[in-house]
């Protein structure tokens, strides 16, 4: 008897959607080793030459014209992708999607981005008979996520559930699970061992993320942070933006024992464990990972739309604060420098309270639904 197959579909419009898909794939295999998973960024898989160009154009629009992006986001906020839009997506970008699904023969399809969810919904209307589960990966529900062919929505909060209910989605199709994070974020690592491994000092440490798209416009923000390099240890994660990393390395202020410039890494969970504060853009995935780790957050430059909604959620939960001026950063850095043992104790207490967040719930719902559908029998 073959292993049961879960096909996870995402898109490259921001790293968070695909991170959520990989997090689910890993946790599904961890909780149920007899399930087989496959993660695809569907557009990139079908069009390996065209897709990178589309994603690059999107990123440039977001970074250079955020207000325009916000206007488009809000103008379509309560509207599902209409059938003409879905047809255009299918004809231009996803025409071979049905053939891929037939070849892979999944027992269920999980989408972590609205575009593949809309494409699979369209295929279900014309005969595809595979359960569709859509995982909403921000703390807001844009209308693009909503299709009546979705069998199950996995949503981050009760508020997100209420939004779906207001748009006519049946209550029994919605499960409040939180956003999935990789199992690496489920547990804490030894801080002293990490310091030794990373070559860090035992001093207040701040992790700065969000430079992968070049969204730290100019250097004024980083110039302000690096002024505190004598009493605050800075870890600046620039992702795959090698150009930004090279520019900072050319500045002698960033070639300092208390400043670490990171490129792309698979160990953000460990860097969060060894840090006392996270400065980040309010992306749904990064903030959920930080919540799982119990690290306090400062938010800068939210993109109009979903990042603004994410920011509001984490502020309301008492897990972060927006950077309204340089004084916000100064106040936090002063607290870290002057009250480090107290702040560290608060960080550890926050980490313990974060255990109430159950990042494996998404996977458990999918496993339970496979079993309930007769697709698979859970092992004891």
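Residue numbers (UniProt numbering): 1 to 380. Glycine included, each C-beta is placed from N, C-alpha and C at the ideal position.
Measuring CB to CB, does residue i end up less than 8 Å from residue j?
{"i": "residue 22", "j": "residue 182", "result": "yes"}
{"i": "residue 272", "j": "residue 27", "result": "no"}
{"i": "residue 304", "j": "residue 311", "result": "no"}
{"i": "residue 109", "j": "residue 42", "result": "no"}
{"i": "residue 281", "j": "residue 307", "result": "yes"}
{"i": "residue 5", "j": "residue 36", "result": "yes"}
{"i": "residue 132", "j": "residue 363", "result": "no"}
{"i": "residue 24", "j": "residue 180", "result": "yes"}
{"i": "residue 209", "j": "residue 288", "result": "no"}
{"i": "residue 293", "j": "residue 194", "result": "no"}
{"i": "residue 309", "j": "residue 138", "result": "yes"}
{"i": "residue 365", "j": "residue 134", "result": "no"}
{"i": "residue 204", "j": "residue 337", "result": "yes"}
Per DSSP, residue i is paired with what?
{"i": "residue 115", "result": "Note: residue 115 sits in no beta bridge, so no partner."}
{"i": "residue 10", "result": "41"}
{"i": "residue 322", "result": "299"}
{"i": "residue 153", "result": "134 and 174"}
{"i": "residue 5", "result": "36"}
{"i": "residue 108", "result": "6"}
{"i": "residue 233", "result": "205"}
Residue i to residue j, Cα distance in whole Å?
{"i": "residue 226", "j": "residue 253", "result": "7 Å"}
{"i": "residue 352", "j": "residue 144", "result": "At residue 352 the pLDDT is 47, less than 50, meaning the model places this residue with poor confidence and gives no usable figure here."}
{"i": "residue 276", "j": "residue 169", "result": "40 Å"}
{"i": "residue 154", "j": "residue 39", "result": "17 Å"}
{"i": "residue 175", "j": "residue 124", "result": "21 Å"}
{"i": "residue 164", "j": "residue 184", "result": "30 Å"}
{"i": "residue 224", "j": "residue 96", "result": "49 Å"}
{"i": "residue 268", "j": "residue 237", "result": "9 Å"}
{"i": "residue 233", "j": "residue 189", "result": "19 Å"}
{"i": "residue 340", "j": "residue 230", "result": "14 Å"}
{"i": "residue 206", "j": "residue 44", "result": "35 Å"}
{"i": "residue 332", "j": "residue 235", "result": "16 Å"}
{"i": "residue 9", "j": "residue 117", "result": "8 Å"}
{"i": "residue 259", "j": "residue 222", "result": "11 Å"}
{"i": "residue 244", "j": "residue 251", "result": "11 Å"}
{"i": "residue 371", "j": "residue 107", "result": "11 Å"}
{"i": "residue 355", "j": "residue 171", "result": "Confidence at residue 355 is low in this model, with a pLDDT of 45, below 50, so its placement is unreliable and the value that follows should be read with caution. Taking the straight line joining both Cα atoms gives about 27 Å."}
{"i": "residue 99", "j": "residue 141", "result": "30 Å"}
{"i": "residue 74", "j": "residue 329", "result": "30 Å"}
{"i": "residue 105", "j": "residue 127", "result": "14 Å"}
{"i": "residue 101", "j": "residue 148", "result": "20 Å"}
{"i": "residue 246", "j": "residue 202", "result": "27 Å"}
{"i": "residue 314", "j": "residue 199", "result": "31 Å"}
Could you pull the start and end residues of the alpha helix (DSSP H) that residue i belongs to?
{"i": "residue 16", "result": "15-31"}
{"i": "residue 222", "result": "220-226"}
{"i": "residue 279", "result": "Unbroken run through residue 279 is the beta strand (DSSP E), 277-280; no alpha helix (DSSP H)."}
{"i": "residue 369", "result": "361-372"}
{"i": "residue 100", "result": "97-104"}
{"i": "residue 200", "result": "Element bounds for residue 200: n/a, residue is neither H nor E."}
Along the chain, where does the beta strand (DSSP E) containing residue i start, and where does it finish?
{"i": "residue 208", "result": "205-208"}
{"i": "residue 260", "result": "259-262"}
{"i": "residue 312", "result": "From DSSP, residue 312 is part of no beta strand (DSSP E) but of the alpha helix (DSSP H) over 306-316."}
Contact the region 106-120 vs the region 16-28: 3+ CB pairs below 8 Å: Contact between the region 106-120 and the region 16-28 is present: 3 or more CB-CB pairs across the two stretches fall below 8 Å.
Determine, using beta-carbon pairs with one atom in the region 281-299 and one in the region 313-325, whether at least three such pairs fall under 8 Å. The region 281-299 and the region 313-325 touch, with no fewer than 3 CB-CB distances between them shorter than 8 Å.
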